[in-house]
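What follows is a single structure, written as structure tokens, with notes after it.
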Amino acid sequence: MTQDIWGRIRSELQNALGKDEFKSWIDPLDFINADGRVARFSAPTSFIGNWVSRNYGDMILDLFRSEDLPVDRIAFKTASAPVKPEPEGGKPKAKPVKSVEFELPGSPLDTRFTFDSFVVGKPNELAHAAARRVAEGGPVTFNPLFLYGGVGLGKTHLMHAIAWEYQQTHKDSRVLYLSAEQFMYRFVQALRFKDMHGFKELFRSVDVLMVDDVQFIAGKDSTQDEFFHTFNALVDQGKQIIISADRAPGEIEGLEERIKSRLHWGLVVDLHPTDYELRLGILQSKAEAHLKTMPGVDIDAGVLEFLAHRISSNVRVLEGALTRLFAFASLVGREITMDMVQECLADILRASERKVTVEEIMRKVADHYHLRMSDLLSPRRARNVARPRQVAMYLSKQLTSKSLPDIGRRFGGRDHTTVIHAVRKVEELTHTDHQIAEDVELLRRMLEA
Ligand code: ADP
Ligand code: MG
């Protein structure tokens, strides 16, 4: 029934717009329904949806009305961009929009990525503080905020957290979050549909622009160029920009110099690799969340410590391990024990086996005790050399998979019994000698970081 109505409206539009325009914009739309006062369509991209809203929205609404179907809004669903999830507690009711619903062409925000769920530790405290500050709004102090760091260290999480927070406290603001890849996609679409004007207008009308994984546009010259102009236009208007990348601006190959230098105008902060405490904190917080939803399941105290210790790659892997454990435990209705960890996570544990080398250990130990590497290899037996050498042997046994004879050979061709003796000695000393215990712990951490 309403499909017939849409059929008639379509032909009206075709007459009014002409064949080409109709083909570019109206033809790609699928009419879903008109219920309540909203006419819904699905569009192949939100870009097309936005364009139709802006340019033909009023016309379409008038045509619906002339068919005696009083809609006062049109809405688009896109296959490429699922409808944004609501923040927890629900969004405040949207203001009545005059005629069309205008949606920014960003990526959906993950409802789990909030400041509340972000665990702060030494390695990320600066990035977190900067993100918090920016999310508060107020006068723009660092522009852009540039967050960088390795895979899975929480860049995207922090960006989404900023977006949620900012939207909560600035209800009328337009916050646009998207990946650099999407930025490029929009740009290419705009070129294709000859709508650079619309593209520029869209990107320059936001209050906060966030572009994730900007290293993606390195080497893509015209996209970079457009990005640069967008960037400048927004900065000139005092609008906040937040950018992330997997490395520092200066290290992104193929990124134009002028962009690099512009990025340095703001605040550049990095997320350091996680340390043991942060990993444990994250695991505890995620385990708590799991436990809430699985009343029957319990977790052995040592398990989280073990995981924090053994899986030192990115947080995503850590999360994956935990999720797998809980899924397994809920299926078999058991407590999560160390046995289950070994059984369930063998592949992950194998993949994250430490890759510290004996040479690295020697170097760090020598540095720590202000010795030369050659001292550790030498036959000298003075205490100030022999003790550090034993510490290095101990750490080699603990942190690598090398055999005792192999370790002995690397320490200036020593016998494996010397290594055994060193391991026992240091083990003993860590219980009795406070200083040695501290040294060993510090070195271990540095090596594992
Ligand atoms: P990146 O964008 O840096 O590659 P993500 O932000 O996607 O990393 O983070 C990967 C996963 O790890 C996400 O599920 C995220 O919630 C989680 N994560 C990373 N850091 C933290 C943290 N400090 N606290 C809680 N979760 C974190
Ligand atoms: Mg990311």
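With our numbering applied, the sequence shown closes on residue 556, and no number is skipped along the way.
Glycine residues also receive a C-beta, built at the ideal position from the N, C-alpha and C atoms.
DSSP state of Thr185 mapped onto helix, strand, coil: Working through the sequence shown from its first residue, we reach residue 185 at position 78. Three-state DSSP puts Thr185 in a strand.
Cα-Cα separation, Ala268 to Phe222: Taking the first residue of the sequence shown as 1, we reach residue 268 at position 161. Taking the first residue of the sequence shown as 1, we reach residue 222 at position 115. If you take the alpha carbons of Ala268 and Phe222, they lie about 5 Å apart.
Beta carbon nearer than 5 Å to a non-hydrogen atom of the ligand ADP: Having a Cβ closer than 5 Å to some heavy atom of the ligand ADP are Phe225, Val226, Val258, Gly259, Leu260, Gly261, Lys262, Thr263, His264, Ile389, Val422, Arg423.
Inter-residue Cα distance where the pair is Ile359 and Val318: By one-based count along the sequence shown, residue 359 stands at place 252. By one-based count along the sequence shown, residue 318 stands at place 211. In a straight line, the C-alpha of Ile359 is about 15 Å away from that of Val318.
For Asp540, three-class secondary structure by DSSP: By one-based count along the sequence shown, residue 540 stands at place 433. In this structure, DSSP gives Asp540 a state outside helix and strand, which the three-state scheme calls coil.
Length of the line joining the Cα atoms of Pro486 and His475: For the purposes of this step, residue 486 is taken as residue 379 along the sequence shown, with counting starting at 1. For the purposes of this step, residue 475 is taken as residue 368 along the sequence shown, with counting starting at 1. In this model, Pro486 and His475 are separated by some 20 Å (Cα to Cα).
Gln110, buried or exposed, once every other Cβ within 10 Å from all chains shown has been counted against 16: One-based indexing of the sequence shown puts residue 110 at position 3. Label assigned to Gln110: exposed.
Euclidean distance between Cα positions of Pro199 and Gln275: Position 92 of the sequence shown holds residue 199. Position 168 of the sequence shown holds residue 275. Interpretation of Pro199 is limited by its pLDDT of 40, a score under 50 that renders its predicted location unreliable; the figure taken from the coordinates is listed afterwards. One Cα belongs to Pro199, the other to Gln275, and the distance between them is close to 9 Å.
Short Cβ contact (7 Å threshold) for Trp113 with Phe138: If you number the sequence shown from 1, residue 113 lands on position 6. If you number the sequence shown from 1, residue 138 lands on position 31. For Trp113 and Phe138, yes; Cβs fall inside 7 Å.
Extent of the continuous alpha helix (DSSP H) run through Arg144: One-based indexing of the sequence shown puts residue 144 at position 37. Per DSSP, Arg144 lies in no alpha helix (DSSP H) segment and is marked neither H nor E.
Integer Cβ distance of Leu425 from Met447, believed to fall under 8 Å: Residue 425 sits at position 318 when you count from the first residue of the sequence shown. Residue 447 sits at position 340 when you count from the first residue of the sequence shown. Contact annotation, Leu425 with Met447: C-beta distance approximately 16 Å; criterion of less than 8 Å not satisfied.
Any 3 or more C-beta pairs closer than 8 Å across the segment 438-458 and the segment 488-504: The segment 438-458, when compared against the segment 488-504, does not touch it at the 8 Å Cβ threshold.
Proximity test, Cβ basis, 7 Å: Gly245 and chain E: Reference to chain E is not applicable here, since this structure consists of a single protein chain.
Ala499 and Ile543 closer than 7 Å at C-beta: Translated into positions along the sequence shown, residue 499 becomes position 392. Translated into positions along the sequence shown, residue 543 becomes position 436. The answer is no: Cβ separation not under 7 Å.
7 Å CB neighbourhood of Gly388 in its chain, flanking five on each side removed: For the purposes of this step, residue 388 is taken as the residue at position 281 of the sequence shown. Same-chain partners within the cutoff: Val226, Gly228.
Backbone CA spacing between Ser392 and Glu288 [nearest angstrom]: The sequence position of residue 392 within the sequence shown is 285, counting from 1. The sequence position of residue 288 within the sequence shown is 181, counting from 1. Between the C-alpha atoms of Ser392 and Glu288 there is a straight-line separation of about 31 Å.
According to DSSP, residues forming a beta bridge with Ile389: Position 282 of the sequence shown, counted from the start, is the residue given in the question as residue 389. DSSP output for Ile389 lists no bridge partner at all.
Outcome for Trp372 when other beta-carbon atoms lying within 10 angstroms are tallied against a minimum of 16: Here the question's residue 372 lines up with position 265 in the sequence shown. By the neighbour-count definition (other C-beta atoms within 10 Å, threshold 16), Trp372 is an exposed residue.
Three-state secondary structure (DSSP) of Met553: Residue 553 sits at position 446 when you count from the first residue of the sequence shown. Assigned with DSSP and collapsed to three states, Met553 falls in helix.
Local conformation of Met291 per DSSP, three classes: Here residue 291 refers to the residue found at position 184 of the sequence shown. In this structure, Met291 counts as helix in the three-state DSSP scheme.
Residue nearest to Phe323 in terms of C-alpha spacing, selected from Leu390, Ala270, Tyr163, Met291: What you label residue 323 is simply residue 216 of the sequence shown in a count that begins at 1. Closest in alpha carbon position to Phe323, among Leu390, Ala270, Tyr163, Met291, is Met291.
Sequence-distant residues of the same chain with beta carbon closer than 7 Å to Lys509, five excluded per side: Against the sequence shown, residue 509 aligns to sequence position 402. Around Lys509: Val465, Ser503.
Nearest-angstrom Cα separation, counted from Phe148 out to Asn140: Position 33 of the sequence shown, counted from the first residue, corresponds to residue 140. Position 41 of the sequence shown, counted from the first residue, corresponds to residue 148. Looking at the two C-alpha atoms, the distance is approximately 7 Å.
Where Pro317 sits in the DSSP three-state scheme: The residue labelled residue 317 in the question sits at position 210 within the sequence shown. Note that residue 317 is Met in the sequence shown, not Pro. Correct three-state label for Met317: strand.
Burial state of Val472, where buried means 16 or more other Cβ atoms lie within 10 Å: For the purposes of this step, residue 472 is identified with residue 365 of the sequence shown, where counting begins at 1. Val472 should be labelled buried.
Rounded separation between Val422 and Leu456 - CA only: Stepping through the sequence shown from its first residue, residue 422 is reached at position 315. Stepping through the sequence shown from its first residue, residue 456 is reached at position 349. Straight-line Cα distance between these residues: approximately 14 Å.
Contact set for Pro230: own chain, Cβ-Cβ below 7 Å, skip 5 residues either direction: The residue you call residue 230 lines up with position 123 of the sequence shown. Result list for Pro230: Leu378, His379, Pro380, Thr381, Asp382, Leu385, in chain order.
Alpha-carbon to alpha-carbon, Tyr255 and Val376: On the sequence shown, position 269 is the one that residue 376 refers to. On the sequence shown, position 148 is the one that residue 255 refers to. The alpha-carbon atoms of Val376 and Tyr255 are separated by roughly 6 Å.
Arg470 versus Arg479 - alpha carbon distance: If you number the sequence shown from 1, residue 470 lands on position 363. If you number the sequence shown from 1, residue 479 lands on position 372. Going from the Cα of Arg470 to the Cα of Arg479 covers about 8 Å.
6 Å Cβ shell around Pro512 - same chain, five flanking residues per side excluded: Sequence index remark: in the sequence shown, residue 512 carries index 405 (1-based). Answer for Pro512: His523, listed in chain order.
Helix, strand or coil at Gly244 according to DSSP, with G and I counted as helix: Taking the first residue of the sequence shown as position 1, residue 244 is located at position 137. Reduced to three states, the DSSP call for Gly244 is coil.
Ala453 (DSSP reduced to helix, strand or coil): The residue given as residue 453 occupies position 346 in the sequence shown. It is helical.
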